[in-house]
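Visitor: To start, I am sharing the structure in question, which I have written as structure tokens.
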Amino acid sequence: MATRVITVDRSLKPGIWPLVLGHWETLKNLVRTLILRQASTIEFPEKRRNVSGRYRGIHILTAREDGTPKCVACFMCATVCPAECIYIESGERPEKTIEKYPTRFEIDLLRCVYCGFCVDACPEEAILMSRENDLVGTTREELIIDRDRLMARAKLLDVGTGYHPSEHDVRRPVRIAAIEKLKQERGIGNSRPPRG
Amino acid sequence: MPKLTIDGREIEVAAGTTVIRAAQQLGIDIPHFCWHPDLSVDGNCRMCVVEIEKQAKLQISCNTAATEGLVVHTDTPRVRAARRSTLEFLLVNHPIDCPVCDQAGECYLQDQYQAYTLHDARTELEEKVHKRKLVDLGPILLDAERCVLCSRCLRFESEVVGTSTLMFANRGNRTEIATFQNRPITHSYAGNLADVCPVGALLSHDFRFKMRVWFLASTPSICPGCSTGCNVYVDQRDGEIYRLRPRRNPEVNKSWLCDPGRAQYKQIGSPERVAVARTRRGAEWSAVPLAAALDVLAAHIKGAGRALAILGTPQATNEDLRALSTLADTTGARLDFRVGDPELKVRELEDGILQRADKNPNTQGALDLGIARSGVDEIIAACRRGEVAVLLLQGPELLRLPAAGVFLEKVPFVAVMATHNEPALERAHLILPAAAWAEIDGTFTNYQRRVQRILRAVPAPGEARPRWDLVGELLRRLGAPLAATSARELFGEVVRAVPEYAGLDYRVLGESGRVAISVGANGHSPLPQV
Ligand code: SF4
Ligand code: SF4
Ligand code: SF4
Ligand code: SF4
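These protein sequence lines map, in sequence, to chains E and Z. Residues in the first sequence are numbered from 235 upward in steps of one, following my numbering. Residues in the second sequence are numbered from 852 upward in steps of one, following my numbering.
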């Protein structure tokens, strides 16, 4: 690849104009925010922005009616997670119909990339995302949030649910098409077996 | 020898070979549930059907003999359609609880559903026939809903263990696996039931809910539980071992493991592991850096001259033992290993299946390497006479003898390489941390004189090192370093030392090991045979 060389003449003096223009800009903003009240910033955290219902904020673990986690510790989320930030330990539930649940469920929010794949992978709608996005802590450990904190977050009604599975999910047709493509690749037909 | 064609490729097989095995020899895997390489043929699942030219109907490849001139097609539209129907049929009453099923990831149903059907169920969950779930059969947990009625477990019980605890109960689509009055399985080969079951109907209690299988990485190795030397996979994640699985070796363990052998992994992550070197002054133990501990030991050995006695252990690899005998040769020390004469039992079968009376994996290797020299009784007697200034133990066996407290009184310095803490170690003056079998490379020689490799699956705790490496460090301090710097190179020395091992190296041993050749009367003295 040829390299293009640009020569800059450093001997030119810019004069006073850049300074004047810079001050003019500052002055305009001062008038806009202080006098006309047209600031584009808000007074966080007292005021919050209204984010979309599909916003991918900090996770929520949903609960069953009896308050136990809906999660069955299938590890689908931990498997799909590209940041490998979900840690699960599983145990036996007393009910014979459900069998399994997480005795530990931790998400390292500092590693999470908020992709929402965990929500997509979950077969139980046990993991959702909220609209909460202010992640504050004074230690790293604080931001590895455990099962109880993830579940308590379901009560945070003021932030609201963010990304969660729904039939309006834009990824649904994509997934169905992917399965059809797989079937084609593997020579799987939908028809009845031919008579031989 | 019949010659046949499978998927356009010709192969000649031994008379009596079945089509499914002939295909496997060509590397063609025919899907199946009920067929198992080490069990009799039952032919009930109809999954392994293939199309054979000039035969009107599809044939089950597991029970069709490979005969001259057969032309077999394993993957035609007709075959795929038949497999699709079979699978759909098998899944009619399946509870679809893969999210909580431990078999997920290594389940034949899942794999074959992915490969052949990907269908949506035509039965609603409510319409399905429900069967018993979570039936506790001792070491095994039964979920009758997931069973595909392949009868592998029944055949395993009657053909391998000879117990026939399991049976099919009821009829038609209510047929299910059961034991009489839900009695638990009591034989010591129960773990194999979870392995032979192609689905999640029989699961191991020990592994239950511990880890999803796709997170596990497998390292081929050898069970250290007895002189049979069953081939295993060590399944670990992030340095933690979750289970041992049988690795098929038709010459040694077929596809089986005993339950005590399967539990061997538990010692590895045990909190009782020796991770640092420790020295004793009076009754006071203190941790010391490994290098310092080796310095102290080397100084004692130098001071002792020929008043050194060394005891090997049949728990150690051939490489460890070779390093130890080099040390004995260098120092002129007394050397032996037979605490309690384990070599007498090396071939003694305990239960007619796999387990042997000698609970050491490498007694034969120690015999082959000529570690049995001075006699343990003679070494003990020398200790009593006060002729031993330094006693170096490769394992703690001698310390466990009830009389050890008495005969060690006159030995001023006892050093032991240990993997686990135990009260007997208190009798030593220096404890060196040794890496355990799953943490090292090396070889064991089993009762058949098959030399088999073990591979490092997980890192050793703390400062623990392979025993040969500890001895290598000592030799370096004594000014006669080992020529070999790895287990692989040490095995080269083992081969030079043992004529029967001629021609072997790690590559030749491969994954299933080699039986040492027997050397005739031409020059070599016959090795101690049992
Ligand atoms: S949002 Fe993405 S990165 Fe974060 S936990 Fe879920 S899968 Fe992992
Ligand atoms: S995918 Fe859902 S059910 Fe499975 S472990 Fe994750 S949160 Fe739990
Ligand atoms: S329990 Fe497992 S091995 Fe036994 S018949 Fe059922 S599927 Fe086959
Ligand atoms: S028979 Fe011996 S070698 Fe085989 S699994 Fe059992 S203890 Fe291990």
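Beta carbons are placed, not taken as given, at the ideal position from N, Cα and C, and that holds for glycine. All of these numbers come straight from a predicted model, not from anything done at the bench.
Report yes or no: do the stretch 1291-1305 of chain Z and the stretch 1198-1218 of chain Z share at least 3 C-beta pairs separated by less than 8 Å?
Guide: Result yes; three or more Cβ-Cβ pairs closer than 8 Å.
Visitor: Can a CB atom of chain Z be found closer than 8 Å to the CB of G325/E?
Guide: Taking the first residue of the first sequence as 1, we reach residue 325/E at position 91. It does: the Cβ of G325/E has a partner Cβ on chain Z nearer than 8 Å.
Visitor: Distance check for E1324/Z and Y959/Z, CA to CA, integer angstroms please.
Guide: The residue labelled residue 959/Z in the question sits at position 108 within the second sequence. The residue labelled residue 1324/Z in the question sits at position 473 within the second sequence. Those two C-alpha atoms are separated by around 49 Å.
Visitor: How long is the line joining the alpha carbons of R1113/Z and C319/E, rounded to whole angstroms?
Guide: Numbered from its first residue, the second sequence carries residue 1113/Z at position 262. Numbered from its first residue, the first sequence carries residue 319/E at position 85. C-alpha separation (whole angstroms): 31 Å.
Visitor: Taking G1051/Z and D962/Z to be in contact with their CB atoms under 8 Å, please state how far apart those CB atoms are, rounded to whole angstroms.
Guide: Locating residue 1051/Z in the second sequence gives position 200, counting from the first residue. Locating residue 962/Z in the second sequence gives position 111, counting from the first residue. About 13 Å; that fails the 8 Å criterion.
Visitor: Against chain E, which members of the stretch 1054-1070 of chain Z pass a CB distance test of less than 9 Å?
Guide: Residues passing the 9 Å Cβ filter: R1059, F1060, K1061, M1062, R1063, W1065 and F1066.
Visitor: Less than 8 Å between C-beta atoms, sequence neighbours within five positions excluded: which residues of the same chain meet that for N1373/Z?
Guide: What you label residue 1373/Z is simply residue 522 of the second sequence in a count that begins at 1. Residue placement at N1373/Z is poorly supported in this model, since its pLDDT is 44, which falls under 50; the coordinates still yield a value, given next. Once the five neighbours on either side are set aside, N1373/Z has no close Cβ partner at all.
Visitor: In terms of residue numbering, what span does the beta strand (DSSP E) encompassing Y964/Z cover?
Guide: If you number the second sequence from 1, residue 964/Z lands on position 113. No beta strand (DSSP E) holds Y964/Z; DSSP gives it neither H nor E.
Visitor: D1228/Z by DSSP, collapsed to three states: which one?
Guide: To locate residue 1228/Z, count along the second sequence from 1; it is residue 377. The answer is helix: DSSP assigns D1228/Z an H, G or I state.
Visitor: Please list the terminal residues of the continuous beta strand (DSSP E) segment that includes R1129/Z.
Guide: For the purposes of this step, residue 1129/Z is taken as residue 278 along the second sequence, with counting starting at 1. Segment A1128 to R1132, the beta strand (DSSP E) holding R1129/Z.
Visitor: Given this structure, state the Cα-to-Cα distance separating V306/E from E299/E, to the nearest angstrom.
Guide: Residue numbering aside, residue 306/E sits at position 72 when the first sequence is read from its first letter. Residue numbering aside, residue 299/E sits at position 65 when the first sequence is read from its first letter. Each residue's Cα considered, the two are about 15 Å apart.
Visitor: Assign E340/E to one of three DSSP states: helix, strand, or coil.
Guide: Here residue 340/E corresponds to residue number 106 of the first sequence, with the count starting at 1. Three-state DSSP puts E340/E in a strand.
Visitor: Within the chosen definition, does the stretch 921-938 of chain Z reach the stretch 863-879 of chain Z through at least 3 CB pairs nearer than 8 Å?
Guide: Touching, yes, given that three or more Cβ pairs across the two stretches are closer than 8 Å.
Visitor: Answer with yes or no whether the minimum CB distance from G859/Z to chain E is below 8 Å.
Guide: For the purposes of this step, residue 859/Z is taken as the residue at position 8 of the second sequence. No, no contact with chain E.
Visitor: Could you list the residues in the stretch 989-1001 of chain Z with a C-beta less than 7 Å from some C-beta on chain E, going in chain order?
Guide: Under the 7 Å Cβ criterion, the stretch 989-1001 of chain Z contributes no residue.
Visitor: Since C308/E meets chain Z, which of its residues come closer than 7 Å, beta carbon to beta carbon?
Guide: Reading the first sequence from its first residue, position 74 is the one you call residue 308/E. Chain Z residues near C308/E: P950 and V951.
Visitor: Residues of chain E with CB under 7 Å from T915/Z, in chain order?
Guide: Mapped onto the second sequence, residue 915/Z falls at position 64. Near T915/Z there are no residues of chain E at all, since even the closest Cβ is about 17 Å away, more than 7 Å.
Visitor: Against chain E, which members of the stretch 954-972 of chain Z pass a CB distance test of less than 7 Å?
Guide: Against chain E - using a Cβ distance shorter than 7 Å - the residues of the stretch 954-972 of chain Z are A966, Y967, T968 and L969.
Visitor: Which one of E1102/Z, S1137/Z and A1045/Z has the shortest CA to CA distance from R1094/Z?
Guide: Your numbering for residue 1094/Z matches position 243 in the second sequence. Closest option to R1094/Z, Cα to Cα, is A1045/Z.
Visitor: Return yes when the Cβ of K984/Z is within less than 8 Å of the Cβ of K330/E, no when it is not.
Guide: Counted from its first residue, the first sequence places residue 330/E at position 96. Counted from its first residue, the second sequence places residue 984/Z at position 133. Yes, they are a contact pair.
Visitor: In chain order, what residues of the same chain have a beta carbon less than 7 Å from the beta carbon of L1306/Z, not counting five sequence neighbours either side?
Guide: Counting from 1 along the second sequence, the entry for residue 1306/Z is found at position 455. Around L1306/Z: T1070, P1071, S1072 and D1292.
Visitor: Please report the residue range of the alpha helix (DSSP H) in which Q875/Z lies.
Guide: Working through the second sequence from its first residue, we reach residue 875/Z at position 24. That run of the alpha helix (DSSP H) goes V870 to Q876.
Visitor: Within 10 Å of its beta-carbon, does Q954/Z have 16 or more other beta-carbons around it, so buried, or fewer, so exposed?
Guide: Position 103 of the second sequence, counted from the first residue, corresponds to residue 954/Z. It counts as buried.
Visitor: If contacts are defined as beta-carbon pairs under 8 Å, then L1326/Z and L1178/Z qualify, I think. What distance do you get, rounded to the angstrom?
Guide: Counting from 1 along the second sequence, the entry for residue 1326/Z is found at position 475. Counting from 1 along the second sequence, the entry for residue 1178/Z is found at position 327. 6 Å between Cβ atoms; contact.
Visitor: Any chance the stretch 942-949 of chain Z sits against the stretch 895-909 of chain Z, with 3 or more Cβ pairs inside 8 Å?
Guide: In short, these stretches do not touch, since the Cβ pair count stays below three.
Visitor: Taking 8 Å as the threshold (beta carbon to beta carbon), is T296/E in contact with chain Z?
Guide: Looking up residue 296/E in the first sequence gives position 62. Answer no: the Cβ-Cβ gap between T296/E and chain Z never drops below 8 Å.
Visitor: G430/E to R931/Z, Cα distance in whole Å?
Guide: The count along the first sequence starts at 1 and reaches residue 430/E at position 196. The count along the second sequence starts at 1 and reaches residue 931/Z at position 80. Confidence is the limiting factor: at G430/E the pLDDT is only 43, short of 50, which leaves the residue's position unreliable, though a coordinate-based value still follows. Approximately 12 Å between the Cα atoms of the pair.
Visitor: Hey, does K447/E have any beta-carbon neighbour from chain Z nearer than 8 Å?
Guide: Residue 447/E is absent from the model: chain E starts at 235 and stops at 430.
Visitor: Since K979/Z meets chain E, which of its residues come closer than 9 Å, beta carbon to beta carbon?
Guide: Numbered from its first residue, the second sequence carries residue 979/Z at position 128. Correct list: empty, because the minimum Cβ distance to chain E is about 14 Å.
Visitor: For chain Z, is any of its Cβ atoms less than 8 Å away from the one on P328/E?
Guide: Translated into the one-based positions of the first sequence, residue 328/E becomes position 94. Not one chain Z Cβ lies under 8 Å of P328/E.
Visitor: Answer yes if the stretch 1173-1193 of chain Z comes into contact with the stretch 1257-1264 of chain Z, meaning at least three C-beta pairs across the two stretches below 8 Å, and no otherwise.
Guide: No, because fewer than three Cβ pairs between the stretch 1257-1264 of chain Z and the stretch 1173-1193 of chain Z fall closer than 8 Å, the two stretches do not touch.
Visitor: Mind listing the chain E neighbours of K984/Z? Cutoff is C-beta to C-beta under 9 Å, in chain order.
Guide: The count along the second sequence starts at 1 and reaches residue 984/Z at position 133. Within 9 Å Cβ-Cβ: K330, T331 and E333.
Visitor: Can you pull the DSSP bridge partners for H1271/Z?
Guide: Along the second sequence, read from residue 1 onward, the residue named residue 1271/Z stands at position 420. DSSP output for H1271/Z lists R1124/Z as bridge partner(s).
Visitor: Name the DSSP bridge partner or partners of T372/E?
Guide: Looking up residue 372/E in the first sequence gives position 138. In the DSSP output, where bridge partners are listed per residue, T372/E has none listed.
Visitor: Three-state secondary structure (DSSP) at Y1357/Z?
Guide: One-based indexing of the second sequence puts residue 1357/Z at position 506. Three-state result, Y1357/Z: helix.
Visitor: Would you mind stating whether A1158/Z and E1091/Z have Cβ atoms separated by less than 8 Å?
Guide: Walking along the second sequence from the start, residue 1158/Z turns up at place 307. Walking along the second sequence from the start, residue 1091/Z turns up at place 240. Taking 8 Å as the Cβ cut-off, A1158/Z and E1091/Z do not qualify as a contacting pair.
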